[in-house]
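Peer 1: So for the sequence shown, this note's numbering puts the first residue at 1; every next one is plus one.
Glycine residues also receive a C-beta, built at the ideal position from the N, C-alpha and C atoms.
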Amino acid sequence: MSTCPADLLHWASTTFAANDQCEVTARACISRAYYSSLHGAKESFNIAINPDQPSSHNAVIDALARKSSAPGQGRSTAITMVKLLPKLKRLRVKADYSLNEDIVADDVKRALSTAKVVLDCCAEAQRLRRT
Numbered sequence: 001m002s003t004c005p006a007d008l009l010h011w012a013s014t015t016f017a018a019n020d021q022c023e024v025t026a027r028a029c030i031s032r033a034y035y036s037s038l039h040g041a042k043e044s045f046n047i048a049i050n051p052d053q054p055s056s057h058n059a060v061i062d063a064l065a066r067k068s069s070a071p072g073q074g075r076s077t078a079i080t081m082v083k084l085l086p087k088l089k090r091l092r093v094k095a096d097y098s099l100n101e102d103i104v105a106d107d108v109k110r111a112l113s114t115a116k117v118v119l120d121c122c123a124e125a126q127r128l129r130r131t
């Protein structure tokens, strides 16, 4: 069985909608929203990373930054994604590691909406690659 970035975001959205009062659920949903975006970016721009590399997340963001400064198709989507992924990453780090900090519904809503924009950019990048 396999999954795709959109499945991760769908899970996060539906799980949060069903149980928005549980902070553990909120933290998990932020994490899945981030990972949907990270994997979406990696796939849509064919970014090869070494998963054993300690900063593989930064490698994806750095690759997007290079694509955002290069001329050609997909540049504008890369620009948007390189602005949004670090914001999502900060929310994910807070959700995963800062257990003494409260996670509120607005944090989750922001993560879900940001991830949706990123996945829309991924779809646009893939469409541009096919043309």
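Evaluate contact between the stretch 14 to 30 and the stretch 86 to 98, counting only Cβ atoms and requiring at least three cross-stretch pairs below 8 Å.
Peer 2: Short answer: they touch.
Peer 1: Between Thr131, Ala17, Ala70, Lys116, which has its C-alpha nearest Leu85's C-alpha?
Peer 2: Position 85 of the sequence shown, counted from the first residue, corresponds to residue 85. Ranking the options by Cα distance to Leu85, first place goes to Lys116.
Peer 1: Would you tell me roughly how many angstroms separate the C-alpha atoms of Leu8 and Tyr35, rounded to the nearest one?
Peer 2: Here residue 8 corresponds to residue number 8 of the sequence shown, with the count starting at 1. Here residue 35 corresponds to residue number 35 of the sequence shown, with the count starting at 1. Answer to the nearest angstrom: the Cα atoms are 8 Å apart.
Peer 1: Quick one: residues in its chain with C-beta nearer than 8 Å to the C-beta of Leu112, no 5 flanking neighbours on either side, listed in chain order?
Peer 2: In the sequence shown, counting from the first residue as 1, residue 112 sits at position 112. Counting only Cβ-Cβ distances below 8 Å, and skipping sequence neighbours, we find Leu9, Ala12, Ser13, Phe16, Cys29, Ala33.
Peer 1: Can you have a look at Ser44 and say buried or exposed, based on whether 16 or more other CB atoms are within 10 angstroms of its CB?
Peer 2: Locating residue 44 in the sequence shown gives position 44, where the first residue counts as 1. It counts as buried.
Peer 1: Along the chain, which unbroken stretches of the alpha helix (DSSP H) at least 4 residues long are found entirely within the stretch 36 to 94?
Peer 2: Correct list: 56 to 69.
Peer 1: For Ser68, which residues of its own chain have a beta-carbon under 7 Å away from its beta-carbon, when the five flanking residues on both sides are left out?
Peer 2: Taking the first residue of the sequence shown as 1, we reach residue 68 at position 68. Once the five neighbours on either side are set aside, the close Cβ partners of Ser68 are Arg75, Ala78, Ile79, Val82.
Peer 1: Helix, strand or coil, according to DSSP, for Glu101 in the structure here?
Peer 2: Start at 1 with the first residue of the sequence shown, and residue 101 comes out as number 101. Coil at Glu101, not helix or strand.
Peer 1: If you reduce the DSSP assignment to three classes, tell me which class Ser31 lands in.
Peer 2: Counted from its first residue, the sequence shown places residue 31 at position 31. Three-state result, Ser31: helix.
Peer 1: Roughly how many angstroms lie between the CA atoms of Thr25 and Cys4, to the nearest whole one?
Peer 2: Along the sequence shown, one-based indexing puts residue 25 at 25. Along the sequence shown, one-based indexing puts residue 4 at 4. Distance between the alpha carbons of Thr25 and Cys4 is about 20 Å.
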